[in-house]
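Numbered continuously in my numbering, the sequence shown closes out at residue 798.
What follows is a single structure, written as structure tokens, with notes after it.
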Amino acid sequence: MEKKEKIRSKNIGQVFTPQYLVEEMLDYAGYKNTAIIEKHIIDNSCGDGAFLQVAVKRYCEEALRAGKNSREIKTHLECYIHGIDTDKEAYENCKANLEKVANRYKIKNVAWDIHNQDALAVKTYDGKIDYVVGNPPYVRVHNLQETYDEVKQYRFANGGMTDLYLAFFELGFNMLNPSGKLCYITPSSWLSSVAARNMRNHVMEKRNIISLVDLGHYQPFPHVTAYTIISLFSNDKQSDRFDYYTFNSETRQRNHVANLSLQDSCIDGILYLSDKEHLDTLRSIKTSTPPRLVTVKNGFATLADNIFIGEDVPESTITIKALKASTGKKYKCLFPYDEKGKPLPPDKIFSEKQVADYLQAHKDELLKGRKEHPAWYQFGRTQALQDVYKDKLSINTLLRTEKDLKIEYVSKGEGIYSGLYAITHDGIPLEDIKQILETPQFADYIKLLKKYKSGGYYTYNTKDVEQYINWYISYKSDNKYANKSTFLGQYFEFV
């Protein structure tokens, strides 16, 4: 059963939503109390009806309080509750589940307006719905099957390596009536991904965000790793301001952080979430243009680390030490390049028997299925080769706090892989860069970027680190980077 769920999740994007989250989201959307009477609600990827079951329960109870009889309520359920799902089994289960809920209120044989169709091809509900709710499918473009061409017709989903949920945002917006609300739980990547640029542009133009609830590292779905956000929009809202919440996994409640403007949140076309003070600092880091006094790069990409790096690599004149930035440990590395990072001639590489024997023994692996390749004994990519004979700092790419940072000096003649490295210009000592990075303030900056990884970690890339270091050197230091323990204290006092 677990395997079946994983396959279904990958190929058609079904991820079933726990009831506590459904209840919270319907509350956020305002689908409660007497306001829901004679209001249309749809889940356009309804699955087995997690959202609609709660909606039916709430509708029945409110209709009874309003004095409606069973016949009237049945008519209302047929008129105001809507669902669509492309999966036949889920569609049948949804209708059966809704019928069970209605039966509790002595309402039977409801002609449910639930459809077994591809929602992206349905236009029936456009401009008619008061509440669009749900957990739309998460499917990367390369896993889409028959619907690929249809998905790419949606403006939100026609840029880059898109995800199906972006098309469902556009579909949901199309379904809303002039005062309608949309509340989805989706990956939080729509805030920052290149593929979601069209959606962000739409949101900035329409100014229709009511609130965003960032679930952070919390994983609400069994068997699925996804970093999610609950997004609430309203068609009758046109304001630059919205509320930002985090989600408390213990209480299962949202915690208010700040009321933000879109201008505060949007930095270089990406929406960041924090309080205004931190966002102002982040904007300074991300948009300032200091001199490039430090360069941060990616380490080796041999594409065959198990062959070029390790204890089994033979000692030779082309064997160097390479530090694994993710662990801080050094290993032997076969380095078939000169001091400028240019490939050594084959006669030089194969002149030592132990090297020739070792490479020949691994030739088939290095060819990767090709019959022949003139540079089969070289690294897969050329990055970091030209910096081997420079002093540098290795930097790992995962942290929870500053204690997780692994920053090591790497001498001339040694390489770096599985991480990043920094080199300095204009005589800036590497020691100063190490001190800048090994601080709670740098860790807090990384957390602001919200690039979540499993285990409560955050990741970051060369640009993130390089921007921070050069910004700090140019704008936040006094002479020789004095008082590093407090240089950002006024900005990064996190709760």
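Glycine is no exception: its CB is placed at the ideal position from the N, C-alpha and C atoms.
A quick note: this is a predicted structure, and the numbers were derived from the prediction, not measured.
Query	Result
Rounded Cβ spacing between Ile626 and Ile719 (contact assumed at less than 8 angstroms)	With the sequence shown as reference, residue 626 is identified as Leu, and Ile is not the correct amino acid for it. Indeed they touch by this definition, with Cβ atoms about 5 angstroms apart.
Leu647 in three-state terms, based on DSSP	coil
Bridge partners - Lys484, DSSP secondary structure assignment	Tyr434, Ser537
Among Lys632, Lys624, Gly631, Ala628, nearest to Pro639 - alpha-carbon criterion	Lys624
Selected residue, minimal CA-CA separation from Pro594, among Glu364, Tyr775, Pro321	Tyr775
Cβ neighbour criterion (16 or more within 10 Å) applied to Val713	buried
C-beta atoms of Phe536 and Asn511 nearer than 7 angstroms	yes
Of the residues Thr531, Lys360, Val516, Leu751, the one placed nearest Gln522, counting alpha carbons only	Thr531
Buried or exposed (CB count within 10 angstroms, at least 16 for buried), Thr320	buried
Assigned exposure category for Asn558 - 16 Cβ within 10 Å defines buried	exposed
For Tyr548, three-class secondary structure by DSSP	strand
Alpha carbon of Glu341 to alpha carbon of Lys371, nearest angstrom	12 angstroms
Residue from Phe603, Val616, Ser348, Thr378 with nearest C-alpha to Phe471	Ser348
Nearest-angstrom Cβ-Cβ length linking Leu723 and Thr765, presumed shorter than 8 angstroms	6 angstroms
Simplified DSSP state of Lys306, which is helix, strand or coil	Bear in mind that the predicted position of Lys306 carries a pLDDT of just 40, short of 50, making it too unreliable to give a figure here.
Proximity of Gly672 and Leu606 at Cβ, strictly below 7 angstroms	no
Length-filtered (4 minimum) alpha helix (DSSP H) runs lying within the segment 365 to 417	373 to 383, 391 to 406
Buried versus exposed, by CB contacts within 10 Å (16 or more), Asp429	exposed
Terminal residues of the alpha helix (DSSP H) in which Asn601 lies	From DSSP, Asn601 is part of no alpha helix (DSSP H) but of the beta strand (DSSP E) over 597 to 601.
Extent of the continuous alpha helix (DSSP H) run through Asp608	608 to 611
Extent of the continuous beta strand (DSSP E) run through Lys633	632 to 637
Distance between beta carbons of Ala561 and Tyr547, contact taken as under 8 angstroms	5 angstroms
Validate contact between the segment 733 to 750 and the segment 643 to 658 using beta carbons, cut 8 angstroms, 3 pairs	no
Option nearest Asn406 by Cα separation, candidates Val359, Tyr441, Ala678, Gly613	Val359
Beta-carbon contacts of Gly483 that lie in its chain and below 6 angstroms, excluding the five residues immediately before and after	Ile432, Asp433, Asn538
Selection from Asp346, Gln770, Glu375 that minimises the alpha carbon distance to Ser591	Gln770
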